Amino acid sequence: MVRYSVEPENPEKVSKSRGSHLRVHFKHCREIAHYTKGMPVNKALKHLDDVLAFKAVIPFVRFTGGIGRKAQAKQVKAPGSKGRWPVKATAVYRDLLKNAVANAETKGLDTENLIIDHAQVNRAPAGRRRTYRAHGRIGKYASQPAHIEIMLKEKEESVEKMEEEEPQKLTKKEAARRRFVKVGA
Numbered sequence: 011m012v013r014y015s016v017e018p019e020n021p022e023k024v025s026k027s028r029g030s031h032l033r034v035h036f037k038h039c040r041e042i043a044h045y046t047k048g049m050p051v052n053k054a055l056k057h058l059d060d061v062l063a064f065k066a067v068i069p070f071v072r073f074t075g076g077i078g079r080k081a082q083a084k085q086v087k088a089p090g091s092k093g094r095w096p097v098k099a100t101a102v103y104r105d106l107l108k109n110a111v112a113n114a115e116t117k118g119l120d121t122e123n124l125i126i127d128h129a130q131v132n133r134a135p136a137g138r139r140r141t142y143r144a145h146g147r148i149g150k151y152a153s154q155p156a157h158i159e160i161m162l163k164e165k166e167e168s169v170e171k172m173e174e175e176e177p178q179k180l181t182k183k184e185a186a187r188r189r190f191v192k193v194g195a
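For the sequence shown, my numbering puts the final residue at 195, and the numbers step up evenly by one.
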C-alpha cells in the first residue's frame, strides 16, 4: 500500500491518485496543483483543457523569477499578471486527475459533486546528465522531476446555521458585577 501525506477521515468517500518520479518540471506541477486545489473536478478539467489549447493560463504565484506577464493571467487574478502554459506538466496532471475520477467511479462516488480536496507536489530526486563546456570542462545537466498526489472527495451539503437571539449588551460595570463572587453571605 502506498502512503499519502494525509489520511482522510472517511476513506470510503475519498478517491486517490498519485504519480512518482514523473519527468515533468516540479515548479510547473506545483503551480498547477496550487491553482486547482479546492476546485470542482469538472471545472479543473475544463481549465486544464483550455491551458492545453492556450485559451487559459496557469497563474504562477511562488516561482515567479523570469515569468513574463500575460494578459490571460488577469482572468485568474494572478499576482502581477504572471502566468504560463506548462503544456507537458498540465497533460500529466490532467491524466492523474482523470485517473482519480475513474477511481471515484469504481468506488461508486458521484463524479458530478467531486472536489479536489488534496493536491500536493514534492520534488523527486534529480535526473543527472552532463553537458560539455568550454575549455574541456563538464557541467551538470539535471532535471527536476516531481511526485504528485491528488485526493478527491464528494462535496458535503451545507447545513444552515441555527438562528440565535441577539446577545444582550453588557456594560463594563454589569460584567464586573457578574464576575464578582459573594463570599460568606
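Every residue gets a Cβ at the ideal spot worked out from N, C-alpha and C, and that includes glycine.
Remember, predicted model here, so these are calculated numbers, not experimental data.
Between residue 64 and residue 37, the CB-CB gap reaches or exceeds 8 Å.
The C-beta distance from residue 162 to residue 111 rounds to 7 Å, short enough to meet the 8 Å contact threshold. With respect to residue 47, residue 126 sits close: the two C-beta atoms are nearer than 8 Å. Only buried fits residue 67, as 16 or more other CB atoms lie within 10 angstroms of its CB.
In the three-state DSSP reduction, residue 77 falls in the coil class, being neither helix nor strand. Residue 115 sits in a helix when the DSSP states are folded into three classes. Between residue 34 and residue 98, the gap from beta carbon to beta carbon is short of 8 Å.
In this structure, residue 150 sits near residue 140, with a CB-CB distance shorter than 8 Å. Rounded to whole angstroms, the separation of the alpha carbons of residue 88 and residue 169 is 32 Å. One Cα belongs to residue 81, the other to residue 177, and the distance between them is close to 49 Å.
Here residue 120 carries a coil assignment [DSSP, helix/strand/coil]. Partner residues in the beta bridge of residue 153, as assigned by DSSP, are 137. Within the model, the alpha-carbon separation for residue 44 versus residue 27 is close to 16 Å.
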